[in-house]
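With this note's numbering applied, the sequence shown corresponds to residues 10 to 434, in that order.
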Amino acid sequence: MPNPPTVADKSRSNASLRIDGARLLDRLDRLAEIGGGEGGGVTRMGFSDADLEGRAHVARRAAEAGLTTTVDAGGNLLIRRPGDHRRCARPPVLIGSHLDTVADGGRLDGAYGVIAALEVLQTLHEAGAETDHETIAIGFANEEGALFPQPFWGSMVLAGRLDALPSEPEDYAGKPLRDALSRAGGDLSQLKTATWAPGSLTAYLELHVEQGPVLERLGRTIGVVESITGRIHMSVQLHGRAGHAGTTPMEGRRDPLVVAASLVGAVQRLATEENLCRVATVGRMEVLPNSPNTIPDSVRLDIDLRDSDPARLDAAEGTVRKTLADLARVGNVRATIESAVRSAPVHTDPVVRDTIAASATELGFSQETLPSGAGHDAQVVADIAPVGMIFVPSIDGVSHVPVERTAPDDLVAGAEVLLRTVLNL
Ligand code: HGY
Ligand code: MN
Ligand code: MN
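As structure tokens, this is what we get:
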């Protein structure tokens, strides 16, 4: 009867483990077909039919690999190795990202991190690899907030931030989340069952495309993320008085679109002239009834403010609120802030960061430590666990657009570093 493998044997055999790059790339292509548009963009907005189809697709790939999948009450998809938890001495390592996309977005934002996490788990499972922590893969629900304006929904549920979530969330058209969430396998009345306590994870690791130009400009393969930007997403509703464009005198009009136009300019000036935050954007506006010869009745617009300094974000948010009140008064329209979701800037965990860097070095990949201008589920999970993020270069630094791309070798390299980091943690 041969002696059981020693720890040294296990770590040696684990160090030889490699992911299946062709399988990773093929799965990314297959997933991108779900919600794929003519221009190469992908639309799988959180809790939409396409999103549910994408999640079911990933769950089937996991089941084919002999892995088990569950959906928690928040709608997050979790993938496990059968029996893995029974032989582990330490809390689990969670790896993953989000499966939902923005409208007509890229094929990698979020999806890459989930497909790579599945690949890592399958590689461990096929090799019968032993680690002293269970490894769980996760596809977070509704990270983007593209349809239901509660970005980071799934990670906020997992991190137990239930008081920061609306009790009856709705989409932009007022459709309740409750039904869509239960179709995804979740349950709005059972969110507590999906929360993880602080200390219940060894770490959370998220592999993601950089969505910016730094790694490409420096010619580096791996990004070791040191911090993730803070962000405020405000959704504003302006109500005026609709009327005939031709017969309503200019005097006395209550036109919400005129107020919205002034507000858009004021938001941009926060980051340009007033330097109150790093970037400020209005990316979504809905005009009703949106008729060319009717003075609008209402306008809904979304404001996105980002900065790594919470105090600057506070100042920027305060300025938006004051400007909105002033413009609404002058324009004689009613303004309501429907939601204001704030995600604090976070630093990644130094031990996890060093483990990522060491893993990239072991594998011979060039690396750069950098901040993330994009928000990520990791910044929410940081409430309850040490987090780390691994970036790979984005071609031309673009994302949230159909041409979002990363070189295949870089996609494979990122997944290799994810696997090695899981083994080295
Ligand atoms: O908006 C962001 O930063 C992320 O892509 N959700
Ligand atoms: Mn995104
Ligand atoms: Mn993302």
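The beta carbon of each residue, even a glycine, is placed where N, CA and C say it ideally should be.
Note that this is a predicted model, so its numbers are computed, not measured.
Query raised in the report: Got a sec: does ligand 4 put a non-hydrogen atom nearer than 7 Å to the Cβ of residue 411?
Result: What this structure holds is ligand 1, ligand 2 and ligand 3, not ligand 4.
Report task. Pull up the CB-CB distance for residue 333 and residue 245, whole angstroms please, since I reckon it's below 8 Å. Result -> 6 Å
Report task. Mind checking which residues open and close the alpha helix (DSSP H) that includes residue 143? Result -> In this chain, residue 143 is not harboured by any alpha helix (DSSP H); it is covered by the beta strand (DSSP E) spanning 142-149.
Query raised in the report: Skipping 5 residues on each side, what residues in its chain have a beta carbon closer than 6 Å to that of residue 74?
Result: 131
Query - Where residue 185 sits in the DSSP three-state scheme - result: strand
Query - Neighbourhood of residue 99 by C-beta distance below 8 Å, restricted to the same chain and skipping five residues each side - result: 141, 142 and 211
**Report entry** Boundaries (first-last residue) of the alpha helix (DSSP H) holding residue 134
**Finding:** 120-136
Query raised in the report: If you count every other CB in all the chains shown that lies within 10 Å of the CB of residue 2, and 16 or more means buried, which is it?
Result: The structure shown does not extend to residue 2, since the chain spans only 10 to 434, so no value can be given for it.
**Report entry** Whole-Å CB distance - residue 350 paired with residue 91, under 8 Å assumed
**Finding:** Not really, about 37 Å apart at Cβ, beyond 8 Å.
Query raised in the report: Count the other CB atoms within 10 Å of the CB of residue 292; is the residue buried (16 or more) or exposed (fewer)?
Result: exposed
**Report entry** Contact set for residue 286: own chain, Cβ-Cβ below 7 Å, skip 5 residues either direction
**Finding:** Closer than 7 Å at the Cβ level, and outside the excluded window around residue 286, lie 279, 280, 314, 315, 316, 321, 322 and 325.
Report task. Would you list, in sequence order, the uninterrupted alpha helix (DSSP H) runs of no fewer than 4 residues that lie entirely inside the segment 56-117? Result -> 58-73
Report task. Please list, following the chain, all residues that have a C-beta closer than 5 Å to any non-hydrogen atom of ligand 3. Result -> 118 and 119
Requested in this report: Could you check the C-alpha separation between residue 111 and residue 363 for me, to the nearest Å?
Outcome: 32 Å
Requested in this report: Using three-state DSSP, classify residue 266 as helix, strand or coil.
Outcome: helix
Report task. Using beta-carbon positions only, say whether residue 62 and residue 88 come within less than 8 Å of one another. Result -> no
Query raised in the report: Which residue comes first and which comes last in the beta strand (DSSP E) that contains residue 377?
Result: 376-381
Report task. Tell me whether residue 54 sits in a helix, a strand or coil according to DSSP, three-state version. Result -> In the three-state scheme derived from DSSP, where H, G and I count as helix and E and B as strand, residue 54 is classed as coil.
Query raised in the report: Thinking C-alpha only, which one of 83, 153, 190 and 391 is nearest residue 114?
Result: 153
Requested in this report: Would you list the one or two residues that DSSP bridges to residue 345?
Outcome: By DSSP's assignment, residue 345 forms a beta bridge with 246.
Query raised in the report: Who are residue 442's beta bridge partners in DSSP?
Result: Look at the range of the chain in this structure, 10 to 434, and you will see that residue 442 is not part of it.
Query raised in the report: Is it right to say residue 165 is buried, meaning 16 or more other beta carbons lie within 10 angstroms of its own, or is it exposed?
Result: buried
Query raised in the report: In or out: residue 79 buried (at least 16 other Cβ within 10 Å) or exposed?
Result: Exposed, because fewer than 16 other Cβ atoms sit within 10 Å of the Cβ of residue 79.
Report task. Using only the heavy atoms of ligand 2, determine whether one of them is closer than 7 Å to the beta carbon of residue 111. Result -> Residue 111 has its CB nearer than 7 Å to a heavy atom of ligand 2.
Report task. Can you tell me which of the three DSSP states residue 28 falls into? Result -> coil
Query raised in the report: With respect to 7 Å, is the separation between the Cβ of residue 349 and the closest non-hydrogen atom of ligand 1 below this value?
Result: no
Query raised in the report: Based on Cα-Cα distance, which residue from 57, 224, 423 and 188 lies nearest to residue 109?
Result: Closest option to residue 109, Cα to Cα, is 57.
Report task. Return yes when the C-beta of residue 160 is under 7 Å from any heavy atom of ligand 1, and no when it is not. Result -> At a threshold of 7 Å, residue 160 counts as near ligand 1, since its beta carbon sits closer than that to one of the ligand's heavy atoms.
Query raised in the report: Which residues mark the beginning and the end of the alpha helix (DSSP H) in which residue 418 is found?
Result: 417-433
Requested in this report: Could you tell me the distance, in whole angstroms, from the CA atom of residue 106 to the CA atom of residue 243?
Outcome: 23 Å
Report task. Indicate, with yes or no, if ligand 2 has a heavy atom lying under 7 Å from the CB of residue 215. Result -> no
Requested in this report: Examine the Cβ distances between the segment 398-406 and the segment 214-230 and report whether three or more of them are shorter than 8 Å.
Outcome: yes
Report task. Whole angstroms is fine: what's the gap from residue 274's alpha carbon to residue 241's? Result -> 18 Å
Query - Buried/exposed call for residue 227, threshold 16 Cβ in 10 Å - result: exposed
**Report entry** Contact between the segment 357-372 and the segment 178-186 (3+ Cβ pairs under 8 Å)
**Finding:** Contact between the segment 357-372 and the segment 178-186 is absent, because fewer than three Cβ pairs lie under 8 Å.
Query - Collapsed DSSP secondary structure at residue 317 in the structure displayed - result: coil
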